[in-house]
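Here the structure is laid out as C-alpha cells; the discussion comes afterwards.
Number of protein chains: 2
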Amino acid sequence: MSDNVLVLGGDGFCGWPTSLRLSAAGYRVSIVDNLSRRRIDEELGCESLTPIRAIGERVAAWKRVTGRPIDFHPINIATDFQALLDLIEERRPRAIVHFAEQRAAPYSMKSAEKKRYTVENNVPGTHNVLCAIVESGLDIHLVHLGTMGVYGYGTAGIAVPEGYLNVKVDVGPNRQEEFEILYPAHPGSVYHTTKTLDALLFYFYNRNDNVRVTDLHQGIVWGTQTPETILDDDLVNRFDYDGDYGTVLNRFLMQAAVGHPLTIYGTGGQTRAFIHIRDTARCIQLAVENPPAIGERVEIFNQATETHTLLELAHKVATLTGADIRFYSNPRKEQAENTLRIRNRKFLELGLNPTTLDDGLLAEIVEIAERHKNRCDRSKIYPSSTWTREQSLDREGSRTPQGVEHSEDRRAASG
Amino acid sequence: MSDNVLVLGGDGFCGWPTSLRLSAAGYRVSIVDNLSRRRIDEELGCESLTPIRAIGERVAAWKRVTGRPIDFHPINIATDFQALLDLIEERRPRAIVHFAEQRAAPYSMKSAEKKRYTVENNVPGTHNVLCAIVESGLDIHLVHLGTMGVYGYGTAGIAVPEGYLNVKVDVGPNRQEEFEILYPAHPGSVYHTTKTLDALLFYFYNRNDNVRVTDLHQGIVWGTQTPETILDDDLVNRFDYDGDYGTVLNRFLMQAAVGHPLTIYGTGGQTRAFIHIRDTARCIQLAVENPPAIGERVEIFNQATETHTLLELAHKVATLTGADIRFYSNPRKEQAENTLRIRNRKFLELGLNPTTLDDGLLAEIVEIAERHKNRCDRSKIYPSSTWTREQSLDREGSRTPQGVEHSEDRRAASG
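Just so you know, the protein sequences line up as chains A and B, in that order.
Heads up, the first sequence is in our numbering, so the first residue is 839 and it goes up one at a time.
Heads up, the second sequence is in our numbering, so the first residue is 839 and it goes up one at a time.
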C-alpha cells in the first residue's frame, strides 16, 4: 500500500502539526491548501499570536531539520475539482486527511456573506473530495475532522456516544423495534451545520460506493506546539486569540498574559469537551492507521479527552496567573448551562495517552502566551459576531465598540 | 398580510401548475427561475412530450385567459444572492415556495460533473433562500418541495411518519428516555442526499432565527395537467418520459402509447408513493395557507396519496393499453423489493381529496400520451445513468446501446 497521504488544509492550526506528525511517522505527505485562513487573518486584521512562517518556509524548515520532504499544492478543493482529482490520481494516497473547511462558528455567523461562504466552501469541498475518490476508482481512506458540536448540547442522561445511537421505536402494543441511527444532529451555528451536512455526504458515499470514511468529532483544541513544531522556530504552529477564531482556552491564556480579565460570555456554565493539539495530531495518525474495512459503515470517533465548564477553565487559568474573570452577555444562541458527558473509549483503546490540562497548561502560558504577548492586538479580544438579527440590533444600540459588554452583566469574580 | 408569493422554480413540472393554482386562488405570484431545466433538455437532446411554451408566452397566455398577472424573474438563486434578496425586500411575500432544485436522481448520478452540479446548485440555493429571509428581517413562510426519498426504503414495522419519529433510548437498567427526532435520513442518490441536507438547513434556521418552514416530502408525481393548465394549449404542463427526468408512471404511459414494452428495472417489487400533479398544486396551496406558528418546529407533511409496487403500476397500464412488460437490470443501488407504508393524514385533514390512479389514468393516456406520441424520441426511453462505478464498467461491456438491457434478465410478462 502507498505511504502517500494528502492533508487538505495542511497549513492550518490542526493541519500543520498533523502534517508534520505524519511526515515524522514515515508517511509521504502532500499538503493541499488554498491559504484561505491566512487571507481571513488579513480580512479580520488579526494575526496568529505566534509568528507563523509562509508555507514555503515552513516546509523548507521541515526538510532542513528532518530531511523529510513535504510538497505543497495551492488548490481550492471547493472550486478546482479537476486539480484535486489529478493530484489524487498522481499520488494514489492511502489516506486523505480533510481539514479544509472554514472552522469558526462565530465567523460563520458574522453576516450573510460569511454564512454563505461557510456553506459554499465547506459542503462543495467535502463533496468534491468524496466525488474525486469515487472518480479515481482508488481505495482511499478519508479521515475528516468534524466536531463534537454536531451533537448539540448533549442529551440529559446519555453520555454522548461515538457517532451512533441505538434507539427503540414502538411498533405495536408492547412491541418495540430496535435499530441504530446516526446520533441526531443539533447544530448550533452555520459552521456546525456544515459538519452535519458532511456527515450525510459520508453516509451516502459510504453506502453507495463503499468509500472508507473516518469522521472525527473533535472537542475544542487547546495548546499550540507539538513535539514536531517545537523542533525549530520556523515550524511554530498558529495560535489564534481573537473573538472569531481563538478557541476559549487559548483566549484565556493570552488574556492572562496581557493583563486582560478572562472573558466569559454567558454564565460560564456551558460544558465543553477539550483536547490538546498534540493529541489531535496523534489521533489523526491513529485514525489513518486504523481504517474501517471496505463495506463497513462510516467510523466515528469522539476526539476529546476531558470536559469542563468554561468557568472551571477560567478558574484554572486564574489560579495559575492571578487573572480576573468577567462576565459578558452571550452572543451565541445556546443553553445557559448544560451537562455534557462523552464516550471517548475508542482512541484510548488504540493507545492514546492524553495530555491533560493539569499537565500542559503552565508550559503553554510560559512558552506561548508570555513569550509572544507583545504581538497581541487587544482590540481583537472581543467577538464581533452575533447569532441572530435581534442580538445584532441590540448591539447597535450598545455603548461599547464591541457591543457585547453590558455593565449589568458584569460581575467581578476571581479564581 | 401581503398576498405576494414567490415561486422559485416556477417554470418547472411542479412549479408551473402550482404558480397557476396560487394565481387562480388570488395570490400575486412572482416566478423566479433560471430556466435550467430547459437547458438540461437541450443538453440531453430531449424535449417534453407536450409542447410547452416559452415562459414569456406562458405568463402572457395566463394573463390573456384569466386577466391575472404573473411576473417572471430570471434569477439563479444558487449564485445571485443579492438579486434574490432585492426581490424579497421589494415583494415582501407572505410565502416563498421553493422548487428550484435539480430534481432527478438518475441525472444526479450520471457523472462526477452532474453529482457536483446537483450539490452545488441545490444546497447553496436552499441556503441562500434561508439566508435572504433572515437578512430581510421579514416574517416569510418557506414552503419547500422535498421528497419521500429522504426516508429511504422505509423501516419494517413502522408506517413512515410525517417527518418526526419518537424514539426511546436506554439510559440505565430498566430506564428509558423518550424524545422526538427528525426521521433518520437514508438518501439513495446524490439528489436525495441534497434533500436531506436541506432538512438540516431548515432545522438550524428554524431554531436559530425562527424561520417558519414547511417541508413537503413528496412521492412520485404522475399526470400532466391541472384545472388551470388545461385552460389553454399555451399553458400546457411539461411531461418528461426520458430515462433521467421521466417519472415511472409517465414513462409507462408514453411507452404504451408508442408501442414500446413497459420498462421495469429490477424485479418491480420496489414500492413507491405517488401523487397526481393536480394534488401537488393543491397541497402547496394548503401548505401556504396553513403555516406553522412562529417559534414552532419545521412542519413536515408527507405529500403522497397512494403506494404501489412498480409491477402493480405496470399491470394497471398494461390492462388499459395491452402493452407488454419487460424486465431489465436495475441501474440503481437499492433493495430489490421493499414494503412502504406511509402516514399522510395531515393533508387529508386539511381537506385534500386525492385524485386516484384509478380515476385519472385513462384520461392521461388519451389526452397526453396518445395525443402527443409523435413527439416521442424512442432513443431516450432507456436510462443512461448508473449508480456505481462497477455498474458503469459492466455497462461498457454490454451489447446494447443503453447497456442496461441484459437478455438473461428479460422475461416477457403481460398484465
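Glycine residues also receive a C-beta, built at the ideal position from the N, C-alpha and C atoms.
For this session: Starting from residue 996/B, find everything on chain A with Cβ-Cβ shorter than 8 Å and list it in chain order.
Result: 1007, 1009, 1015
Exercise. Applying the criterion that 16 or more other CB atoms from any shown protein chain within 10 Å of the CB defines a buried residue, is residue 1043/A buried or exposed?
Worked result: buried
Exercise. Using the C-alpha atoms, what's the distance from residue 1031/A back to residue 962/B?
Worked result: 13 Å
Exercise. So residue 908/A and residue 840/A are in contact, right, with Cβ under 8 Å, and what is the actual spacing, rounded?
Worked result: About 16 Å separates the two Cβ atoms, so there is no contact after all.
Exercise. Who are the Cβ neighbours of residue 893/B in its own chain at under 6 Å, not counting the five residues just before and after it?
Worked result: 849, 910
For this session: Starting from the C-beta of residue 919/A, find all residues in its chain whose C-beta is less than 6 Å away, skip the five residues before and the five after it, and write them out in chain order.
Result: 966
For this session: With 8 Å as the threshold, decide whether the Cβ of residue 855/A is near any Cβ in chain B.
Result: no
Exercise. Straight-line CA distance for residue 872/B to residue 860/A?
Worked result: 47 Å
Exercise. By the criterion of Cβ-Cβ separation under 9 Å, what are the contact partners of residue 1034/A in chain B?
Worked result: 1035, 1038, 1041, 1042
For this session: Report the three-state DSSP secondary structure of residue 980/A (helix, strand or coil).
Result: strand
For this session: Please report the residue range of the beta strand (DSSP E) in which residue 1013/B lies.
Result: 1013-1020
For this session: Say whether chain A places a C-beta atom closer than 8 Å to the C-beta of residue 965/B.
Result: yes
Exercise. Relative to the C-alpha of residue 1214/B, which residue among 959/B, 1095/B, 1010/B is closest?
Worked result: 1095/B
Problem set entry | Cross-chain neighbours of residue 1226/B in chain A, by beta carbon under 9 Å | 972, 1046, 1047, 1048
For this session: Return no unless some Cβ of chain E is closer than 8 Å to the Cβ of residue 975/A.
Result: Among the chains of the structure shown, chain E does not appear; the protein chains present are A and B.
For this session: Look at the alpha carbon of residue 1097/B and the alpha carbon of residue 1115/B, and state the distance between them as a whole number of angstroms.
Result: 25 Å
Problem set entry | Per DSSP, cross-strand counterpart(s) of residue 845/B | 869/B, 935/B
Problem set entry | Inter-residue spacing [alpha-carbon to alpha-carbon] between residue 1231/B and residue 1161/B | 32 Å
Exercise. Are the Cβ atoms of residue 1072/B and residue 906/B separated by less than 8 Å?
Worked result: no
Exercise. In whole angstroms, what is the alpha-carbon distance linking residue 862/A and residue 977/A?
Worked result: 24 Å
Problem set entry | Close Cβ partners of residue 899/B (< 8 Å) along its chain, the five nearest in sequence each way excluded | 891, 1070, 1072, 1073
Exercise. Using a Cβ-Cβ cut-off of 8 Å (strictly less than) and excluding sequence neighbours within five positions of residue 1102/A, which residues of its own chain qualify?
Worked result: 1148, 1149, 1152, 1163, 1164, 1165, 1166
For this session: Using a threshold of 8 Å, state whether the C-beta atoms of residue 1218/A and residue 884/A are closer than that.
Result: yes
Problem set entry | Own chain residues within Cβ distance below 7 Å of residue 1034/A, not counting five before or after | 988, 1023, 1025
Exercise. Hey, which unbroken runs of the alpha helix (DSSP H) at 4 residues or more fall wholly within the segment 933-971 of chain B?
Worked result: 943-946
Problem set entry | Residues, ordered as in the chain, of the segment 1170-1191 of chain A that lie near chain B by beta-carbon distance below 9 Å | 1171
Exercise. What residues match up with residue 1083/A in a beta bridge as DSSP calls it?
Worked result: Answer is none; residue 1083/A lacks a bridge partner.
Exercise. From residue 1244/A to residue 1168/A, what distance separates their C-alpha atoms?
Worked result: At residue 1244/A, the pLDDT of 38 sits below 50, so the modelled position is not reliable; the number obtained from the coordinates is stated separately. Answer to the nearest angstrom: the Cα atoms are 10 Å apart.
Exercise. Roughly how many whole angstroms lie between the Cα atoms of residue 1054/A and residue 878/A?
Worked result: 25 Å
Exercise. In or out: residue 1079/B buried (at least 16 other Cβ within 10 Å) or exposed?
Worked result: buried
Exercise. Are the segment 1184-1196 of chain A and the segment 1130-1149 of chain A touching, with three or more C-beta to C-beta distances below 8 Å?
Worked result: yes
For this session: Assign residue 1137/A to one of three DSSP states: helix, strand, or coil.
Result: strand
Exercise. What do you reckon, are the CB atoms on residue 1082/B and residue 882/B nearer than 8 Å?
Worked result: yes
For this session: Please list the partners that residue 958/B has in chain A, where partner means a Cβ-to-Cβ separation under 7 Å.
Result: 962
For this session: Kindly give me the distance between the Cβ atoms of residue 984/B and residue 1036/B, rounded to whole angstroms, as I take these residues to be in contact under 8 Å.
Result: 7 Å
Exercise. In chain order, what residues of the same chain have a beta carbon less than 7 Å from the beta carbon of residue 864/A, not counting five sequence neighbours either side?
Worked result: 841
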